[in-house]
Amino acid sequence: DPRGVSDLIFKVPGDDSEFLVDKFEEFLQGQIEKQTPFLAHICFHAIHEPHPPMPEFYAKYKYDPEYLGALEQLDKQIGRLIQLLHKHRIADNTMIIYTSDNGPHQEAERSDIRFSTGFLRQCKAS
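Using the working numbering, read the sequence shown as starting at 63 and increasing by one per residue.
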């Protein structure tokens, strides 16, 4: 793969969201140098299960630290991505579309998901 993303045959230690934003930053720099428009389709693994957050995010939460820590970890990297766009002065000419392929799911600590979905299908695969 000339983009150097889908041909990874090794495991990268650490936060996979941070890894993806690192790869995006390399890509972005190249596009800016070439002064060409770009499309970046970034598929974050977070917050799919399993979702083990890095220890510093896990330690912040008493209840459901795996989910909430991983969610904050993802949020931090999305914020970093947006900061990169501002840093390179292209944020005002960039569209970000954020979607999720997952519906909510419920653990013992979470509230009744029927309310968060407006009583629609509930969970993924329901």
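The beta carbon of each residue, even a glycine, is placed where N, CA and C say it ideally should be.
Alpha-carbon to alpha-carbon, residue j and residue i
{"i": "Q93", "j": "D77", "result": "25 Å"}
{"i": "T98", "j": "Y123", "result": "43 Å"}
{"i": "E87", "j": "N155", "result": "17 Å"}
{"i": "P115", "j": "Y125", "result": "14 Å"}
{"i": "H113", "j": "D137", "result": "14 Å"}
{"i": "E171", "j": "I159", "result": "The predicted position of E171 is uncertain, since its pLDDT is 47 and thus under 50; a value taken from the coordinates is nonetheless stated next. Their backbone Cα atoms lie some 30 Å apart in a straight line."}
{"i": "R151", "j": "H110", "result": "32 Å"}
{"i": "I104", "j": "E118", "result": "24 Å"}
{"i": "H59", "j": "H148", "result": "Since the first and last residues shown for the chain are 63 and 188, residue 59 lies out of range."}
Three-state secondary structure (DSSP) of residue i
{"i": "F81", "result": "helix"}
{"i": "P114", "result": "coil"}
{"i": "D126", "result": "coil"}
Own chain residues within Cβ distance below 6 Å of residue i, not counting five before or after
{"i": "Y120", "result": "P127, G131"}
Buried versus exposed, by CB contacts within 10 Å (16 or more), residue i
{"i": "L90", "result": "buried"}
{"i": "I101", "result": "Here residue 101 is Leu; the residue named in the question, Ile, does not match the sequence. L101 comes out exposed."}
Close-in-space but distant-in-sequence residues of the same chain around residue i (CB under 7 Å, 5 per side omitted)
{"i": "S162", "result": "none"}
8 Å Cβ cutoff, residue i in contact with chain D
{"i": "K85", "result": "Protein chains in the displayed structure number just one, and chain D is not present."}
Own chain residues within Cβ distance below 8 Å of residue i, not counting five before or after
{"i": "L146", "result": "V83, F86, E87, L90"}
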